[in-house]
Structure formats: C-alpha cells, structure tokens
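A quick write-up on the structure given underneath.
In the UniProt record's numbering, the protein residues as written are 1 to 720.
Quick look at the structure:
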C-alpha cells in the first residue's frame with residue numbers, strides 16, 4: 001500500500017529531521033558519518049500528526065502505529081485523542097563473517113509511544129537501487145510467493161551453514177527408518193509408505209476443532225497403496241494438500257504429517273511415535289510451519305495467487321522511501337499455531353523452519369532468519385546468509401546457542417506459556433524438547449526437571465495464577481497449568497557460580513518413589529552436566545551421594561521405609577512412568593512454622609490482580625519480619641496461619657522485589673549479609689501424610705529457631 005499523494009509536502013517538523021539514505025546505512029570502512037542523531041526524537045502529538053494530511057511522513061508514522069497494533073480497536077481513538085510519540089535510531093543489520101570485505105551495517109527507525117500504550121513500529125529504508133541491498137527493504141508480490149527465492153534461502157543454509165543446521169543423523173533418527181511405526185507420505189505417488197528412501201519434510205500445523213480425515217486402523221491399508229490419498233483428496237485438509245505440493249516444489253519426495261503418519265486409533269502407535277518425536281523433527285530436512293490458521297486454512301500463495309500480503313510504503317522525499325516493518329516473530333506471536341504447546345515443541349526441535357503466517361513466508365534455521373520484505377541475503381560467497389538483524393532477536397531456535405542451563409530455563413518458560421487441549425499432555429508435549437536438553441545438559445530428567453541440577457530445578461516460580469494438574473506432582477512445574485519462570489532476581493546469587501552453590505549450599509539427599517515401589521535416588525550419579533561454573537552435581541562417596549561439602553552433626557537423610565540405596569540406570573525408568581502415577585519426593589530437611597502477612601491483611605495495594613500473585617511477608621514467633629513467599633491471591637485469603645515451611649537450599653540474599661528494606665534480623669548490614677537465608681517451600685500436608693508445594697520463598701536461617709508451634713524439627717517429607 002503506497003501512501004503517496006499528489007500534493008505531498010513535508011511539514012516543518014518533519015523537514016527538519018533531514019533524513020537521507022546515508023542515515024540508514026553505515027560501514028566501518030567509510031569515514032562518512034551517517035548523520036543520524038542518537039538522541040530520542042520527540043514527535044508532535046499524534047492528533048497533530050493526523051492533522052498534517054499533506055505531510056507524507058506524518059501519514060506514514062500514523063499508518064505505522066495503526067498497522068503495528070492490529071485488532072486494537074482503541075488505536076485510532078488513542079491517536080485522535082493525542083499521544084506522545086517518539087523516534088530513535090536502532091542499529092539493525094550487520095555482517096558477522098570476518099572474511100567478508102564489506103562489513104555491512106544498517107539502521108532502522110523505531111517508532112513508539114512514550115507511555116507504551118501502543119506496540120512499537122519500525123521504519124526500514126526501501127532499497128534505493130544499491131547493488132548491495134542486504135538488510136534493506138524490498139517490494140513483494142502481494143498475491144503469490146516467490147518459490148525461487150524460498151529455495152535460495154534453503155540452499156544457502158544447506159551449503160553454507162555448519163552441523164547445527166543439518167538434519168540429525170543420530171542413532172534414534174536412523175532407527176526411525178527401520179521402525180514399522182515410521183511412515184511418510186510419498187507426495188509423488190500420493191500414498192503413505194514405510195519405505196522412506198532419502199530426506200523427508202515434516203509439517204507442523206494446528207488441527208482445528210473438527211476431527212477431520214486421518215489414518216486409522218480401518219483405512220491404513222487403503223491409504224498405503226499408491227494413489228490411496230489421491231482417491232480421498234476431497235477429504236484431505238487444504239493445509240495437508242498444499243504442504244504436499246510445496247514439498248514437491250522444493251524437490252523432496254516425502255512428507256511427514258502426524259494425522260496421516262500416526263494411526264490415530266492405535267494407542268501403541270501413538271505411544272511409539274510420541275517417544276521419538278524429537279528424532280522426527282530433528283531428522284527432517286525442513287519443517288513446514290503452517291501458522292496461518294488451522295488444517296482447513298491451506299497455505300495461501302504457494303500454488304495459487306490467493307494470499308493477501310500488504311506493505312505500507314511512504315516517501316520522505318524523492319530519495320528516501322521507507323517501509324513499515326515488523327519481524328516475523330511479531331506475526332508468529334499473534335498466531336494460534338504459536339500459542340500451542342505441541343507446535344512449539346515441533347518448531348524448537350526443527351533445524352530448519354519454513355513458516356507461513358499472515359500471508360507471509362519466512363525461513364529460520366539455527367543461524368539465520370530470512371523474510372520476503374527484507375534483503376537478508378548476502379552478496380558474499382561465504383555461505384550466503386551470514387548476517388544478523390533484528391529478525392533474529394526473538395527466534396526460539398537461537399536459544400540453543402546459549403549455555404545449556406539457559407536453554408532449559410528459557411525453553412520451560414516459553415513452553416509453559418503455550419496452551420494444551422488436554423492438561424495430561426503437559427509432559428508428553430515437552431518430551432522431545434526434554435530429549436534435546438538431556439543431551440546438551442548431560443543429564444537425565446524426572447518429570448521435566450534435570451536430575452543433575454535438581455536443587456536448582458526446584459526453584460521455579462509462577463508468572464501468573466496457576467491451576468493444579470493432579471496427574472503430575474506439585475514439585476514439578478508439570479503439575480501446574482499456566483506460565484512459570486526461573487526468575488533471575490530470585491536466583492541471582494545461585495547463578496554467580498551454580499556448581500559451587502550445588503556443592504556448598506545444598507544438603508538434601510533427594511529420593512523419588514512411586515506407590516508400591518522402593519525409593520530411588522533422583523540423581524543417577526553418572527552425568528555431571530557441563531564443566532566449570534555450570535556443572536551439575538559431582539560424584540560423591542556413598543555417604544554423600546550428591547557430593548555435598550556440608551558438615552555438621554549427622555542427621556538422618558534416607559527415607560526410613562527404604563533401607564536400600566538404589567541408583568537409577570542411565571536410561572532409568574523415571575521418564576517412563578505413566579502420567580497418572582504420582583511420583584513422591586522423599587527427603588529429610590528443616591521444618592518450621594511462620595505466620596503470613598498478606599497484602600490484604602496490611603491494607604496494601606501490593607496484590608497484582610493481573611498476574612493473580614502476591615508477595616506475602618512472613619513473621620516468626622516473636623512477631624518479627626523474617627522472609628517472603630510468592631503466593632496465589634486466592635490462597636492468601638486462607639488466614640495468617642501458622643503455616644509450615646521447609647528449607648530446600650541456601651539463598652544468598654533478598655532481591656529488592658522480594659524485600660525493599662532491612663530490619664537487621666541478622667546483626668549485619670544488608671550489603672554484608674550473604675547466605676543467611678534459606679530457599680523455602682510453603683507446603684500443605686494432607687491426612688495421608690503426603691504434602692504438596694504451595695509456593696516458593698526465602699526465609700532467614702535464624703528464623704527457624706524462632707518457629708511458631710508446633711516448632712522446629714528435622715523431619716522426613718513426602719512431597720507429592
């Protein structure tokens with residue numbers, strides 16, 4: 001969409017901005033200054049810009065804000081009432097390959113409201129005819145996708161990128177081809193086959209509400225004959241049909257689609273396939289991510305000129321044409337496809353993704369991100385796609401370039417923000433991600449927590465109000481609906497040196513037990529995580545299986561009912577327990593009772609009605625403040641207690657969010673107080689003796705000596 005009009009002329013304010021092509025370009029090999037100020041530019045109020053109907057730049061700015069806030073019915077009203085907007089320069093694209101002569105870099109303008117009432121927009125220079133257009137904007141055919149360009153993106157990755165982007169050829173992937181459960185669609189012969197010869201493409205999409213046509217025990221033989229799918233093509237969803245054609249256009253023969261490659265009414269086939277979902281998606285040469293809608297939406301613009309792709313382009317002057325731009329993640333984040341847990345797992349496990357969303361096509365791999373409206377391709381002969389731009393900033397697959405523990409915490413946070421149709425899928429829908437993380441962390445898992453870092457893994461906190469999933473234990477985030485996180489402010493002291501914290505500031509010998517089974521050590525003793533600061537537990541002596549350096553009076557640490565010390569095997573049974581069988585944590589630790597001082601009881605406004613969470617203060621038997629705990633708003637209405645808290649590890653200090661003052665509970669200044677605290681769990685114990693986690697907090701160690709009745713104890717806990 002062009003905003004140009006015949007009577008265009010810049011208003012006085014916009015004319016004084018003096019934007020030029022060079023403002024948007026930069027290179028370390030030139031002495032020419034780009035001429036753009038690094039200071040924030042406060043614009044005229046939005047209602048004033050709306051009145052500048054003849055100013056092309058004012059019109060572009062207003063259109064950019066409207067386009068960047070789709071579905072927000074109040075956007076136009078806010079702009080008409082007048083909001084303060086601003087511009088600032090952001091460094092955008094830059095070449096990363098040290099061997100290229102042209103150290104290319106570009107800038108874009110960020111447009112935002114100073115009160116954050118609207119989402120940001122970005123203005124990118126449309127290529128004015130430069131031979132090297134990398135990172136600049138380009139015009140796109142609004143009706144059909146340029147398949148030659150798409151193929152070039154994939155070729156650049158295949159030819160120029162390293163091992164990280166290649167389809168996995170690990171043993172599990174090779175075993176897929178030998179498994180009677182692994183099938184793929186032969187897109188040429190139009191049938192389902194187990195004889196997969198060569199690379200295959202995978203499809204990730206949203207099924208939708210209708211059951212739809214699928215492979216079942218009754219039709220699998222018919223669909224496995226050449227032409228079997230063609231005979232029922234009218235029943236095959238538009239998205240699957242288009243994905244088959246796209247696979248063929250890209251030069252591949254096989255397509256994996258869950259609806260057709262898993263026998264939908266076979267429990268055994270489903271269980272077998274879900275168990276190798278990581279291998280299916282890491283083994284695919286490409287994953288087609290149909291994020292436009294559901295199975296009935298099709299993939300517009302691939303075979304037919306039926307897509308709706310719009311660009312907002314405006315002139316600043318005759319030389320400078322600007323394009324309103326948003327990253328692919330902006331559109332992906334608004335899609336139903338991105339909101340689902342299963343499709344998130346499929347995306348994260350895929351080494352290459354071709355994502356079709358909101359009529360747009362983008363390509364993402366472990367090292368690059370391509371889109372239609374930005375020239376991300378390089379003129380360099382060193383692999384083609386060797387640049388970084390804001391397109392890469394929020395791509396989930398990039399997290400695998402970070403340290404393994406960060407991979408875990410970020411994956412969990414992103415995963416738990418997604419929805420599941422059935423809450424009992426919480427663990428299965430994470431299983432493929434867990435397998436990838438298991439390799440990177442060098443750790444086994446128990447109910448989605450890495451065993452080599454188990455003390456750390458327990459320190460998750462909710463981002464919003466949670467709902468209990470009774471088929472999983474309360475101590476794992478899998479036991480709860482809605483988003484959780486590993487909050488940096490809560491864990492800052494631990495993250496300074498995780499390995500030192502695990503060996504010097506933890507003491508619990510963790511056991512896990514299923515009803516009718518004997519207790520087993522959570523950590524198998526063989527995997528120790530990555531080396532150095534991020535290393536997990538070290539192999540200990542039999543008297544201390546977790547290698548703790550804690551000293552002191554000997555206290556019982558082993559569950560009384562289980563005298564046998566039993567380590568799990570390397571591929572131990574914990575990950576294979578049925579989801580409806582609760583695993584209990586069995587351990588000894590410090591227990592004490594404190595009162596809750598809730599925001600409601602104080603008459604404060606600290607209750608967060610948006611997140612549904614509150615920071616609650618704790619007081620000891622003498623009435624002194626001694627700690628905090630993060631709880632559900634509803635739970636804080638239960639009264640002031642006393643309630644039972646158990647210590648699970650040592651904490652370095654309180655963050656200002658947890659406690660913004662200092663009462664000298666310990667005889668030291670705040671800056672001198674280190675490791676005087678415990679991480680604690682507020683627990684609720686039921687008549688059968690099984691306890692459940694309620695919330696995570698921090699309490700002064702000394703407060704345990706000032707417990708309310710029934711007093712302090714070193715006791716055995718069974719946490720379900």
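For glycine and all other residues, C-beta sits at the position ideal for the given N, C-alpha and C.
* **Contacting residues, own chain, Cβ-Cβ under 8 Å from residue 149 (five flanking each side not counted)** => Counting from 1 along the chain shown, the entry for residue 149 is found at position 149. Cβ neighbours of residue 149 within its own chain (closer than 8 Å, five residues either side excluded): 372.
* **Status (buried if at least 16 other CB within 10 Å, exposed otherwise) for residue 762** => Residue numbering for the chain in the displayed model covers 1 to 720; residue 762 lies beyond these limits and cannot be assessed.
* Identify whether residue 657 lies in helix, strand or coil by the three-state DSSP scheme. => Your numbering for residue 657 matches position 657 in the chain shown. If DSSP states are grouped into helix, strand and coil, residue 657 belongs with coil.
* Does the pairing of the segment 300-315 with the segment 229-239 give three or more beta-carbon distances under 8 Å? -> no
* Beta-carbon gap between residue 680 and residue 673 smaller than 8 Å -> Numbered from 1 along the chain shown, position 680 holds the residue referred to as residue 680. Numbered from 1 along the chain shown, position 673 holds the residue referred to as residue 673. No, the Cβ-Cβ distance between residue 680 and residue 673 is not below 8 Å.
* Asked: Using the C-alpha atoms, what's the distance from residue 585 back to residue 717?
  -> Here residue 717 refers to the residue found at position 717 of the chain shown. Here residue 585 refers to the residue found at position 585 of the chain shown. Going by the C-alpha atoms only, they are around 8 Å apart.
* Pick from 263, 221 and 340: whose alpha carbon is nearest that of residue 289? -> Counting from 1 along the chain shown, the entry for residue 289 is found at position 289. Of the candidates 263, 221 and 340, the one whose C-alpha sits nearest the C-alpha of residue 289 is 340.
* Bounding residues of the alpha helix (DSSP H) (the contiguous stretch that carries residue 258) -> The residue you call residue 258 lines up with position 258 of the chain shown. First-last of the alpha helix (DSSP H) with residue 258: 258-261.
* To do: Check whether the Cβ atoms of residue 519 and residue 559 sit closer than 8 Å, and answer yes or no.
  => Here residue 519 refers to the residue found at position 519 when the chain shown is read from its first residue. Here residue 559 refers to the residue found at position 559 when the chain shown is read from its first residue. Yes, these two residues count as a Cβ contact at 8 Å.
* Asked: How many Å lie between residue 282 and residue 377 at the Cα?
  -> In the chain shown, the residue the question calls residue 282 occupies position 282. In the chain shown, the residue the question calls residue 377 occupies position 377. Cα to Cα, the separation comes out at about 25 Å.
* **Neighbourhood of residue 183 by C-beta distance below 7 Å, restricted to the same chain and skipping five residues each side** => On the chain shown, position 183 is the one that residue 183 refers to. Around residue 183: 192, 193, 194 and 261.
* To do: Quick one: using the 10 Å Cβ neighbour count with 16 as the cut-off for buried, is residue 284 buried or exposed?
  => Sequence index remark: in the chain shown, residue 284 carries index 284 (1-based). Answer is buried; the Cβ neighbour count reaches 16.
* Contacting residues, own chain, Cβ-Cβ under 7 Å from residue 476 (five flanking each side not counted) -> For this step, residue 476 is matched to residue 476 along the chain shown. Taken in chain order, the residues that qualify are 447, 448 and 449.
* **Nearest-angstrom Cα separation, counted from residue 671 out to residue 11** => In the chain shown, the residue the question calls residue 11 occupies position 11. In the chain shown, the residue the question calls residue 671 occupies position 671. Residue 11 and residue 671: Cα-Cα distance of roughly 55 Å.
* To do: With DSSP as the reference, please indicate the residues paired to residue 191 in a beta bridge.
  => Translated into the one-based positions of the chain shown, residue 191 becomes position 191. Note: residue 191 sits in a beta bridge opposite 186.
* Would DSSP call residue 685 helix, strand or coil? -> Position 685 of the chain shown, counted from the start, is the residue given in the question as residue 685. Looking at residue 685 - three-state DSSP - the assignment turns out to be strand.
* If you draw a straight line from the alpha carbon of residue 109 to that of residue 431, how long is it in whole angstroms? -> In the chain shown, the residue the question calls residue 109 occupies position 109. In the chain shown, the residue the question calls residue 431 occupies position 431. Cα to Cα, residue 109 sits roughly 41 Å from residue 431.
* Could you check which residue in 334, 349, 311 and 359 has the C-alpha nearest to that of residue 298? => For this step, residue 298 is matched to residue 298 along the chain shown. Here the closest residue by C-alpha is 359.
* Short Cβ contact (8 Å threshold) for residue 407 with residue 427 -> If you number the chain shown from 1, residue 407 lands on position 407. If you number the chain shown from 1, residue 427 lands on position 427. Contact flag unset, no.
* Asked: In three-state terms, what does DSSP make of residue 92?
  -> Here residue 92 refers to the residue found at position 92 of the chain shown. Strand at residue 92.
* Asked: Helix, strand or coil: which one does DSSP assign to residue 49?
  -> As a first step, residue 49 is located in the chain shown; it is residue number 49 there, counting from the start. Helix at residue 49.
* Asked: Do you know how far the Cα of residue 441 is from the Cα of residue 721?
  -> The structure shown does not extend to residue 721, since the chain is modelled only from 1 through 720, so no value can be given for it.
* Three-state secondary structure (DSSP) at residue 563? -> Walking along the chain shown from the start, residue 563 turns up at place 563. Note that residue 563 has pLDDT 34, beneath the 50 cutoff, so the model's placement of it is unreliable and no number is given.
* Asked: Can the beta-carbon of residue 92 be found less than 8 Å from the beta-carbon of residue 54?
  -> Indexing the chain shown from 1 puts residue 92 at position 92. Indexing the chain shown from 1 puts residue 54 at position 54. No, the Cβ-Cβ distance between residue 92 and residue 54 is not below 8 Å.
* To do: May I have a chain-ordered list of the alpha helix (DSSP H) segments no shorter than 4 residues that lie completely inside the segment 353-435?
  => 404-416
* Asked: Using a C-beta cutoff of 8 Å, does residue 692 count as contacting chain C?
  -> You won't find chain C in this structure, because it holds only one protein chain.
* Which word fits residue 6, buried or exposed, when buried means at least 16 other C-beta atoms lie within 10 angstroms of its C-beta? -> For the purposes of this step, residue 6 is taken as residue 6 along the chain shown, with counting starting at 1. Classification of residue 6: exposed, given that the 10 Å Cβ count is below 16.
* Proximity winner among 13, 21, 56 and 698, relative to residue 43 (alpha-carbon distances) -> Residue mapping note: residue 43 aligns to position 43 of the chain shown, counting from 1. Out of 13, 21, 56 and 698, 13 has the C-alpha closest to the C-alpha of residue 43.
* Quick one: give me the first and last residue of the beta strand (DSSP E) that residue 124 is part of. => Locating residue 124 in the chain shown gives position 124, counting from the first residue. Counting along the chain, the beta strand (DSSP E) containing residue 124 begins and ends at 121-125.
* Asked: When the Cα of residue 203 is compared with those of 211, 187, 624 and 216, which residue comes out closest?
  -> Here the question's residue 203 lines up with position 203 in the chain shown. Answer by Cα proximity: 187.
* Asked: Between the C-alpha atoms of residue 568 and residue 657, what's the straight-line distance to the nearest angstrom?
  -> Against the chain shown, residue 568 aligns to sequence position 568. Against the chain shown, residue 657 aligns to sequence position 657. Unreliable positioning characterises residue 568 in this predicted model, as indicated by a pLDDT of 33, which lies under 50. The coordinate reading is nonetheless provided below. Using only the alpha carbons, I get a separation of about 40 Å.
* To do: Under the assumption that residue 630 contacts residue 695 (Cβ atoms under 8 Å), give the Cβ distance between them as a whole number of angstroms.
  => Along the chain shown, one-based indexing puts residue 630 at 630. Along the chain shown, one-based indexing puts residue 695 at 695. Contact between residue 630 and residue 695 holds: their C-beta atoms lie close to 6 Å from each other, under 8 Å.
* To do: May I have the straight-line CA-CA distance separating residue 429 from residue 649, to the nearest angstrom?
  => Looking up residue 429 in the chain shown gives position 429. Looking up residue 649 in the chain shown gives position 649. If you take the alpha carbons of residue 429 and residue 649, they lie about 30 Å apart.
* Beta carbon of residue 392, beta carbon of residue 123: below 8 Å? -> Start at 1 with the first residue of the chain shown, and residue 392 comes out as number 392. Start at 1 with the first residue of the chain shown, and residue 123 comes out as number 123. Their beta carbons are not under 8 Å apart, which means residue 392 does not touch residue 123 by this criterion.
* Residue range of the beta strand (DSSP E) that residue 289 falls in? -> Counted from its first residue, the chain shown places residue 289 at position 289. 286-290 is the span of the beta strand (DSSP E), which, as asked, contains residue 289.
* To do: With a 10 Å radius around its C-beta and 16 neighbouring C-beta atoms as the bar for buried, classify residue 130 as buried or exposed.
  => Residue numbering aside, residue 130 sits at position 130 when the chain shown is read from its first letter. It is exposed - the Cβ of residue 130 has fewer than 16 other Cβ atoms within 10 Å.
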